[in-house]
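A.B. asks: Attaching a single structure in C-alpha cells format; questions to follow.
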Amino acid sequence: MAPTSKDSISSSMEEKSKNGMATSKPRLLVGCNPLLLQMKTSIRGVMAELKAAANPAKSVISLGTGDLAIYSDYFGKRRAFGDAVAAASAHFDSYLPAFGLPSARRAVAEYITNVVRKCRISRSDPPLKVTESDVFLTVGATQALQTTLTVLASAGGNVLLPRPGFALYDSACKLAGVGCRYYDLLPSRRWEADPSQIRSLADANTLAIVVINPNNPTGAAFSSHHLFQIAEIARDLCIPIIADEVYGGMVFGGGTFVPMASFAHLAPVFTISSLSKRWMVPGWRLGCR
Numbered sequence: 000m001a002p003t004s005k006d007s008i009s010s011s012m013e014e015k016s017k018n019g020m021a022t023s024k025p026r027l028l029v030g031c032n033p034l035l036l037q038m039k040t041s042i043r044g045v046m047a048e049l050k051a052a053a054n055p056a057k058s059v060i061s062l063g064t065g066d067l068a069i070y071s072d073y074f075g076k077r078r079a080f081g082d083a084v085a086a087a088s089a090h091f092d093s094y095l096p097a098f099g100l101p102s103a104r105r106a107v108a109e110y111i112t113n114v115v116r117k118c119r120i121s122r123s124d125p126p127l128k129v130t131e132s133d134v135f136l137t138v139g140a141t142q143a144l145q146t147t148l149t150v151l152a153s154a155g156g157n158v159l160l161p162r163p164g165f166a167l168y169d170s171a172c173k174l175a176g177v178g179c180r181y182y183d184l185l186p187s188r189r190w191e192a193d194p195s196q197i198r199s200l201a202d203a204n205t206l207a208i209v210v211i212n213p214n215n216p217t218g219a220a221f222s223s224h225h226l227f228q229i230a231e232i233a234r235d236l237c238i239p240i241i242a243d244e245v246y247g248g249m250v251f252g253g254g255t256f257v258p259m260a261s262f263a264h265l266a267p268v269f270t271i272s273s274l275s276k277r278w279m280v281p282g283w284r285l286g287c288r
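Position one of the sequence shown corresponds to residue 0 (numbering that gives the first Met the number 0), numbered consecutively onward.
Written out as C-alpha cells, the structure is:
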C-alpha cells in the first residue's frame with residue numbers, strides 16, 4: 000500500500016543528517032482494527048489451544064473435525080471431481096461476474112427449489128421458486144455469512160445467536176460492529192429453543208435471527224414445527240432469518256432435515272450453504288447465499 004503523505008515516507012526511511020551520517024526516525028506503528036481485538040478465537044484456534052495444553056499421558060479423541068475429506072470411506076464415486084476437471088479444461092479463466100457464473104447460480108437455484116419442494120410442509124403454502132438472481136456464490140460459507148452481516152449491520156444493532164453455537168458467528172458479528180444476544184438450545188427440548196426466550200431477547204434494534212440447522216455443535220435437526228415457530232417470530236419482528244444449512248441433508252437415525260426456506264413465505268430467509276460438508280470438498284472453499 001502506497002504511503003499517503005511525505006511525512007509517512009520520511010518516518011519509515013533513514014535520512015542523512017547535515018554531517019552526512021545516517022540517522023533513523025521512528026517508524027510509524029501500524030494499528031489494528033479495534034473490532035478485530037474483540038473477536039473470539041476461531042474453532043481452529045480453540046483446537047490449537049487444546050493441543051498445546053494436551054496431557055502427554057493421555058491421548059485425545061477429537062470430536063471437532065469437520066473435514067470429511069480425510070475419511071476416504073465416505074467418498075464412494077465422487078462425480079464432483081470429474082465435473083471440476085471438465086470446468087477447468089473449458090477455460091473459465093477470464094473475469095467472471097462478481098456473484099458467480101449465471102449457469103452455476105442457476106444450478107444452485109434449481110437444487111434449492113427442488114429440496115424445498117420435497118420437504119414442503121403444507122400444500123396450502125405457496126411453492127418456493129428460487130432463481131439465479133437469488134443466489135450469490137462466495138469463497139466458502141464464511142464469506143457468505145460475513146457478506147450477509149455486512150449488508151444487514153447498522154449502528155446499535157444486534158443479532159440473535161444460538162447457544163451453544165459455532166464460534167465464527169460471534170466473531171463475524173463483532174467484525175460487522177453489531178452486538179450478540181444468545182438464545183439457549185435446551186437439552187430438555189431435544190436441543191431446540193424456547194420461542195418465548197427468543198422473543199424476549201429481541202428489541203427494535205434486532206437485525207436478524209441466526210438458525211443453525213442441522214445444528215453445530217449439538218447435531219440436532221429441528222422439527223418443522225420449531226422452524227415454523229421461529230419463522231413466526233421473525234415475521235412478527237419484521238426481521239430476516241439467517242439459516243446456516245452447511246450440514247443440510249446430513250441427518251441420521253431416522254431424522255428429517257427441513258430447509259428454513261420452507262417458511263420463506265412468512266419471513267425473508269438468507270440460506271447459507273457450502274460444498275465443504277455436503278459434497279466433501281472443504282478445500283474448494285465454495286459457498287453460497
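The C-beta atom is built at its ideal place from N, Cα and C for all residues, glycine as well.
Bear in mind the structure is a predicted one, so any value in this text is a computation, not a measurement.
Rounded to whole angstroms, what is the Cα-Cα separation between Tyr94 and Leu136?
C.D. replies: So the two alpha carbons sit approximately 14 Å from each other.
A.B. asks: Could you give the C-beta distance for Ile232 and Pro194, rounded to a whole number, given that I count them as a contact under 8 Å?
C.D. replies: The pair is a contact, with the Cβ atoms about 6 Å apart (cut-off 8 Å).
A.B. asks: For Pro216, tell me which candidate among Leu184, Asp235, Pro55 and Leu200 has the shortest Cα-Cα distance.
C.D. replies: Nearest of Leu184, Asp235, Pro55 and Leu200 to Pro216, Cα basis: Leu184.
A.B. asks: Check Asp133 in the structure and name its three-state DSSP category.
C.D. replies: Helix, per DSSP.
A.B. asks: Among Thr130, Leu159, Ala242 and Ala166, which has the Cα closest to the Cα of Ala203?
C.D. replies: Considering only alpha carbons, the answer is Leu159.
A.B. asks: Taking Cys31 as the reference, give the member of Asn157, Ile111, Leu174 and Thr130 with the closest Cα.
C.D. replies: Residue Leu174 is the option with its Cα nearest to Cys31.
A.B. asks: Between the segment 115-128 and the segment 148-162, do at least 3 Cβ pairs fall closer than 8 Å?
C.D. replies: Too few Cβ pairs lie closer than 8 Å, so no.
A.B. asks: Report the three-state DSSP secondary structure of Ser223 (helix, strand or coil).
C.D. replies: It is helical.
A.B. asks: Would you give the residue range spanned by the alpha helix (DSSP H) that Leu200 belongs to?
C.D. replies: Here the alpha helix (DSSP H) through Leu200 covers Pro194 to Leu200.
A.B. asks: Could you spell out the range, first to last residue, of the alpha helix (DSSP H) harbouring Ala242?
C.D. replies: Careful: Ala242 lies outside any alpha helix (DSSP H), inside the beta strand (DSSP E) at Ile240 to Asp243.
A.B. asks: Are the beta-carbon atoms of Ala207 and Ile241 separated by less than 8 Å?
C.D. replies: Going by C-beta atoms, Ala207 is nearer than 8 Å to Ile241.
A.B. asks: Are there 16 or more other CB atoms within 10 angstroms of the CB of Val177, so buried, or fewer, so exposed?
C.D. replies: Buried, by the Cβ-count rule.
A.B. asks: Runs of 3 residues minimum, wholly inside the segment 115-174: which ones carry the beta strand (DSSP E) assignment?
C.D. replies: Fully enclosed beta strand (DSSP E) runs of 3 or longer: 157-162.
A.B. asks: The beta strand (DSSP E) that contains Val29, what's its start and end?
C.D. replies: Per DSSP, Val29 belongs to no beta strand (DSSP E) and is neither H nor E.
A.B. asks: Relative to the alpha-carbon of Thr149, which residue among Asp243, Ser223, Cys172 and Ser58 has its alpha-carbon at the smallest distance?
C.D. replies: Checking every option, the nearest Cα to that of Thr149 belongs to Cys172.
A.B. asks: What residue range is occupied by the uninterrupted beta strand (DSSP E) comprising Leu62?
C.D. replies: Unbroken run through Leu62: none, as it is neither H nor E.
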